[in-house]
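In the working numbering, the protein residues as written are 1 to 335.
Cβ coordinates follow ideal geometry from the N, Cα and C atoms, glycine included.
See structure below.
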Amino acid sequence: MNVLVTGAAGFIGYHVSQALLARGDAVVGFDNVNDYYDPTLKEARLARLRAHPGFAFAKGDLADEAAVRRLFAGRPFDRVIHLAAQAGVRYSLTNPGAYVQSNLVGFLHVLEACRHARTPHLAYASSSSVYGLNARQPFSVHDNVDHPISLYAATKKANELMAHTYSHLYGLPTTGLRFFTVYGPWGRPDMALFKFTKAILAGEPIDVYNHGKMRRDFTYVDDIVQGVVRIADRVAAPNPAWDAAAPDPGTSPAPYRVYNIGNHVPVELDRFIGAIESALGKKAQRNYLPMQPGDVPATCADVEDLRRDVDFAPATPIETGIARFIAWYREYYKA
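Below you can see the structure in the form of C-alpha cells.
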C-alpha cells in the first residue's frame, strides 16, 4: 500500500515506518523535526528510513494548512497513520499553546485532507491519558472519559471527538489508538526510561514521583507497532448494534473505533527502575518525591477488543524490553 505516516521522525512514527517498509509498503513520512527534544536523534531516525528505497520524506508542519494540502495533492494514500503530535503531559502545563497548534489545529488539517482525498482509513494516535480521573481498572474503551487532568489529555480526547464527527458527517473511517507508556530503542529523551538511564550512568540521582508507588502499563514499542499496523489494515466499520439510548463510547453507528494498545500488566515504578539497574549493572540514587500535577497513580489497559478484532495483545516483559533499550542506548551513545 501507499501509506502516509505523520511524525515519521518521532519515536513511534520511525518504528511504524520501518515495519511498513519491511513488509513492502511505500511510505511517505511527514514531520517538522522540531526541537522539543534533540533534533539530531530525529535526523538519525530519518537517515535510517531514507536508506530504504520505498521511503520518501516531506518536511513540514501540520499546523500549516497549505503544507498539508500539498502533501495530499496528486498522491492518493491507501492509509494515513497520524502519529505527529506535541507530546508530554508535563510540558503541557507550561506550554499549552504548542498543544493547540499541533494536536488540535494540525489534526483538523489532517481530517480535512483525508475527507477531501477520500482516504480509505485514518488511524491516529490517542493516549491512555484520556482516562484522567477514571478509577476503574483496567481502563476500557467502552467507559466514559470526560475528566482529563492535563491539557495534553484534553487534546487527545478532542481528537477522538473530532474524528467521530468526520466519521459521522463524511463517512471517513477513523480509528483512535490509545497508547500506554511506550518505551524501547530510539525512544524519546524526555521519557522516564531515557532520563533514568542517562542519570544512572552519570552517577546522578533520579527523581521518583509518588514515592515510587506509581504503576504504569509500560508497553514495548514493537508491540505498539504490531497493534498500529494491524489496526490500520482493519478499516473501521459502523457498529450495527450501537444503541443511542445507551451509547458505547468505543464504537459508533459511523465508521469509527477506538482501541487500547497496552501491555495490560501494570508495573510499579520501583520495579521498573530495578530492571534498569539490572540491565546497567549499576544502582540508582533515588530521590523520592510526591505526585506531580497532571499525573495519575496507575494505568492498565483492557485490550480485549484489540485481541478480538486483530488477534493481538502486547506481551513483551518489562525486563526484556528494558534490556533491549539499554543495549541500543549503549551502542548509540557509546556509553
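Member of the options whose CA lies at the smallest distance from the CA of residue i
i       : options                               : result
Leu-269 : Asp-223, Ile-318, Ser-252 and Asp-311 : Ile-318
Ile-326 : Asp-31, Gly-281 and Ala-236           : Gly-281
Asn-210 : Val-310, Tyr-14, Arg-324 and Pro-293  : Pro-293
Ala-315 : Ile-206, Phe-180, Val-16 and Glu-204  : Phe-180
Tyr-337 : Val-68, Glu-65, Met-191 and Ala-22    : Since the first and last residues shown for the chain are 1 and 335, residue 337 lies out of range.
Phe-272 : Val-258, Pro-205 and Leu-193          : Leu-193
Ile-81  : Leu-20, Val-145, Ser-150 and Ser-128  : Leu-20
Val-27  : Gly-10, Arg-115, Ala-284 and Pro-53   : Pro-53
Glu-304 : Gly-262, Tyr-329, Ile-322 and Pro-297 : Gly-262
Ile-12  : Ala-275, Asn-260 and Asp-222          : Asp-222
Asn-144 : Pro-247, Gly-74, Arg-216 and Asp-233  : Pro-247
Tyr-37  : Met-291, Gly-10 and Glu-65            : Gly-10
His-109 : Ala-63, Met-291, His-15 and His-264   : Ala-63
Ile-224 : Val-182, Tyr-14 and Asp-31            : Val-182
His-264 : Phe-57, Phe-218 and Gly-29            : Phe-218
Asp-78  : Pro-290, Tyr-256, Gly-212 and His-121 : His-121
Ala-298 : Ala-244, Arg-178 and Tyr-131          : Tyr-131
Asn-32  : Met-1, Asp-25 and Leu-71              : Leu-71
Asp-25  : Val-235, Asn-260, Val-5 and Tyr-256   : Val-5
Asn-134 : Met-1, Ala-153 and Asp-309            : Ala-153
Leu-111 : Pro-189, Leu-172 and Ala-66           : Leu-172
Leu-151 : Val-89, Asp-295 and Arg-234           : Val-89
Val-296 : Gly-274, Arg-216 and Asn-260          : Arg-216
Buried/exposed call for residue i, threshold 16 Cβ in 10 Å
i       : result
Ala-301 : buried
Met-214 : buried
Lys-334 : exposed
Arg-50  : exposed
Ser-129 : buried
Gly-203 : exposed
Tyr-332 : exposed
Lys-59  : exposed
Lys-42  : buried
Asp-311 : exposed
Arg-136 : exposed
Pro-148 : buried
Asp-243 : exposed
Ala-84  : buried
Thr-40  : exposed
Ala-237 : exposed
Rounded C-alpha distance that separates residue i from residue j
i       : j       : result
Gly-184 : Thr-320 : 10 angstroms
Arg-307 : Gln-86  : 29 angstroms
Asp-35  : Gly-187 : 15 angstroms
Thr-119 : Arg-286 : 49 angstroms
Gln-18  : Val-258 : 24 angstroms
Ala-117 : Val-267 : 43 angstroms
Tyr-170 : Val-16  : 27 angstroms
Val-3   : Pro-76  : 9 angstroms
Arg-377 : Tyr-288 : The structure shown does not extend to residue 377, since the chain is modelled only from 1 to 335, so the question has no answer here.
Val-68  : Asp-146 : 30 angstroms
Tyr-329 : Lys-283 : 17 angstroms
Ala-323 : Ser-278 : 9 angstroms
Leu-93  : Gly-74  : 40 angstroms
Ser-126 : Ala-241 : 24 angstroms
Asp-207 : Arg-45  : 28 angstroms
Arg-115 : Asp-61  : 19 angstroms
Arg-48  : Ala-245 : 51 angstroms
Ala-66  : Pro-189 : 31 angstroms
Asn-95  : Ile-276 : 30 angstroms
Met-291 : Ala-113 : 40 angstroms
Arg-234 : Ala-8   : 21 angstroms
Thr-155 : Tyr-256 : 18 angstroms
Tyr-220 : Ala-313 : 12 angstroms
Tyr-14  : Met-1   : 17 angstroms
Gly-337 : Thr-174 : Since the first residue shown for the chain is 1 and the last is 335, residue 337 is missing from the structure and cannot be characterised.
Phe-55  : Gly-212 : 42 angstroms
Arg-178 : Ala-123 : 11 angstroms
Pro-205 : Asp-309 : 44 angstroms
Any non-hydrogen atom of the ligand ZN closer than 8 angstroms to residue i Cβ
i     : result
Met-1 : The model on display carries no ligand, and the ligand ZN is accordingly not part of it.
Problem - Stretch-stretch touch, CB-based, cutoff 8 angstroms, three pairs: the stretch 190-198 with the stretch 146-159 - result: The stretch 190-198 vs the stretch 146-159: no contact.
Exercise for the section: Please confirm if the stretch 98-110 is in contact with the stretch 129-143, defined as three or more CB-CB distances below 8 angstroms between the two stretches. Expected result: Because the criterion of three Cβ pairs below 8 angstroms is not met, the stretch 98-110 and the stretch 129-143 do not touch.
Handout entry: the stretch 212-229 in contact with the stretch 163-176 per 3-pair CB rule at 8 angstroms
Key = Segments in contact, no.
Handout entry: the stretch 101-115 in contact with the stretch 248-263 per 3-pair CB rule at 8 angstroms
Key = Contact fails: fewer than three Cβ-Cβ distances are below 8 angstroms.
Problem - In chain order, each beta strand (DSSP E) run of at least 3 residues that lies wholly inside the stretch 74-141 - result: Restricting attention to beta strand (DSSP E) runs no shorter than 3 residues, the stretch 74-141 encloses them at 79-82 and 122-127, ordered along the chain.
Exercise for the section: Mind listing, in chain order, the continuous beta strand (DSSP E) runs of no fewer than 3 residues lying wholly within the stretch 188-251? Expected result: Complete beta strand (DSSP E) runs here, min 3: 206-208.
Problem - alpha helix (DSSP H) runs contained entirely in the stretch 269-328, provided each spans 4 or more residues - result: The DSSP assignment places 269-280 and 304-310 as complete runs of the alpha helix (DSSP H) inside the stretch 269-328, in order along the chain (cut-off: 4 residues).
Handout entry: Runs of beta strand (DSSP E) wholly within the stretch 38-79 (minimum 3 residues, chain order)
Key = List check, beta strand (DSSP E) in window: 55-59.
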